[in-house]
Amino acid sequence: MRTAVVEDRTVAAQTTAVRRAVLSPADVSDWLLAAFNEIAESLRGYRIVANGFPFTRRRPLPDGRIEIEAGFPVGVPVRTDGTVQCSELPAGPVAVIAYAGPYDEIDRAYDQLGDWLRLRGVRPSGEAWEIYHDPPIGPPANWRVEIVQPCSSELRVP
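Residue numbering for the sequence shown follows the UniProt record's numbering, beginning at 1 and increasing consecutively.
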């Protein structure tokens, strides 16, 4: 695993076009590929161009399934067509860590991010999201993901 230093940033709210589902962990990979393709096709139909990399936001459920939102940032609100919906990534302070490597080892980056937040006395405020800078093809050691964790307050250096 290669990780970069955790950075603190303040981000603006970002309108997104998404699909949502509740899935078992085993079904997530196949669903993501279909979801990203459907969203891209829907955006093309409305002549909307994504203005950023694809992302997911996940929330584990008590029964072991995952509530997941997958999509693309867009510059304008999208018309909900039954499958693709308009959503938003929140504005505010965030902690960001870059991860490169096989996806099945990404939990180590989440652990490093959590340790960094605890050291600064800052709590997460909402679900983190992952931004995929590379598609999951080619050597896994080269896959690049950015983990963005909203925070409850401005970060402070210890």
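We put the beta carbon where it would ideally sit given N, CA and C, even for glycine.
Exercise. What residue from V22, R65, T10, V28 has the CA that sits closest to Y103's CA?
Worked result: Ranked by Cα distance from Y103, the first of V22, R65, T10, V28 is V28.
Exercise. Curious, which full-length beta strand (DSSP E) runs of at least 3 residues does the UniProt domain "AraC effector-binding" (4-152) contain?
Worked result: As far as the UniProt domain "AraC effector-binding" (4-152) is concerned, its whole beta strand (DSSP E) runs of at least 3 residues are 7-11, 14-23, 55-60, 66-73, 85-89, 92-100, 129-132, 144-150.
For this session: Using 10 angstroms around the beta-carbon of G121, count the other beta-carbons present and answer buried if the total reaches 16, otherwise exposed.
Result: Residue environment: G121 is assigned as exposed (fewer than 16 neighbouring CB atoms within 10 Å of its CB, all protein chains considered).
Problem set entry | Reference Q112, options Q85, F55, L32, I147, closest by Cα | Distances from the CA of Q112 to each of Q85, F55, L32, I147 were compared; the closest alpha carbon is that of I147.
Problem set entry | Beta carbon of P73 nearer than 8 Å to that of G52 | Taking a C-beta distance under 8 Å as the contact criterion, P73 and G52 qualify as a contact pair.
Exercise. Excluding five sequence neighbours on each side, which residues of the same chain lie with their C-beta closer than 6 Å to the C-beta of I131?
Worked result: Closer than 6 Å at the Cβ level, and outside the excluded window around I131, lie F53, F55, E146.
For this session: Assuming P93 contacts D8 (C-beta within less than 8 Å), just tell me the rounded distance between them.
Result: P93 to D8, Cβ: 7 Å. Contact.
For this session: Look at the Cβ atom of C151, then the Cβ atom of L119, and state whether they are nearer than 8 Å.
Result: Contact flag unset, no.
Problem set entry | Selected residue, minimal CA-CA separation from S42, among A26, R79, S24 | Comparing alpha-carbon positions, the option among A26, R79, S24 lying closest to S42 turns out to be R79.
Exercise. CB G142 to CB A100, shorter than 8 Å?
Worked result: The question names Gly, but residue 142 is Asn in the sequence shown. For the pair N142 and A100, the CB atoms are nearer than the 8 Å cut-off.
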